[in-house]
Amino acid sequence: MALQNLDISDSLLELGRYLKHNKEIEDFCVTQCNKHLKVYIGDFLRKDIPTAEDTPYIVLTDFRKLEGQNVEFCTYSLDLYVGIGSNNIVTVELEENITMPDLYDLTVKLMNLLQKVINDKEYRNRPISRIRTSGAYPISSLGNHWVGKLEIEWRIYQTLGTQYTEEL
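Everything in the sequence shown is counted per this note's numbering, starting at 271 for the first residue and increasing by one.
Take a look at the structure:
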């Protein structure tokens, strides 16, 4: 049997479609941001980089895979960026003298929702093996555009030389 030979662009397109049409994510974006989610796949030219006006959005990029002989697990990973923005910047006072920007909170909540949806066993037969998050942080000096990053990894047993196959 050959390598898993997982097609990078097909995998990103399938995941992008799933996230774009997921009801929980769509409801969150419409309720919290009054907009529909935009999904970007691959990398950007400088002129195409999303701005605060393009939010809410996700970017699926930097798909990596490790397959081959003498590899116990095939690993597949990608970076998922989340962008939230608003011209109405609000600082929420949680308690006396404890504040948090609302866009920070929204970005983190969307990141958590994406992790939950991607890990849904009804959709995927392979749970996330490892996830690393960073952010949320503002990327505009006005504070109206916040992003976060999820580095997601899946592992599948190597099937080289066997009749056993498994889907990501």
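Glycine is no exception: its CB is placed at the ideal position from the N, C-alpha and C atoms.
Could you tell me if the beta carbon of residue i falls within a distance shorter than 7 Å of some heavy atom in the ligand FMN?
i: R425; result: For the structure depicted, the ligand FMN is absent and the ligand set is empty, with no information on it obtainable.
Would you please state the rounded distance, in angstroms, between the beta carbons of residue i and residue j? I believe it to be under 8 Å.
i: C299; j: L307; result: 5 Å
i: L383; j: E323; result: Their Cβ separation, rounded to whole angstroms, is 22 Å, which puts L383 and E323 out of contact at 8 Å.
i: T301; j: D313; result: That pair is no contact at about 30 Å.
Expressed to the nearest angstrom, what Euclidean distance is found between the alpha-carbon atoms of residue i and residue j?
i: E337; j: S281; result: 15 Å
i: I368; j: W416; result: 20 Å
i: I311; j: L412; result: 27 Å
i: F343; j: R400; result: 13 Å
i: P326; j: D372; result: 14 Å
i: N340; j: F333; result: 22 Å
i: V362; j: L315; result: 35 Å
i: M370; j: E296; result: 24 Å
i: I426; j: K391; result: 15 Å
Report the residue from the options whose alpha carbon sits nearest the alpha carbon of residue i.
i: Y393; options: S279, I278 and E284; result: E284
i: S404; options: Y374, I311, R287 and V362; result: Y374
i: S279; options: Q339, I426, K335 and P397; result: K335
i: V378; options: N304, G355 and F314; result: G355
i: N357; options: Q339, P408 and V309; result: P408
i: M381; options: V352, L364 and I398; result: V352
i: S329; options: Y427, D277 and V309; result: Per the sequence shown, the amino acid found at residue 329 is Val instead of Ser. Closest option to V329, Cα to Cα, is V309.
Query raised in the report: Counting Cβ pairs closer than 8 Å, one from the stretch 316-324 and one from the stretch 387-397, do we hit at least three?
Result: no
Requested in this report: For the stretch 421-430 and the stretch 333-352, state whether three or more C-beta atom pairs, one from each stretch, are separated by less than 8 Å.
Outcome: yes
Query - Ordered list of beta strand (DSSP E) runs contained in the stretch 296-330, each at least 3 residues - result: 308-311
Query raised in the report: Residue ranges of each alpha helix (DSSP H) run of no fewer than 4 residues wholly in the stretch 358-388, ordered along the chain?
Result: 372-388
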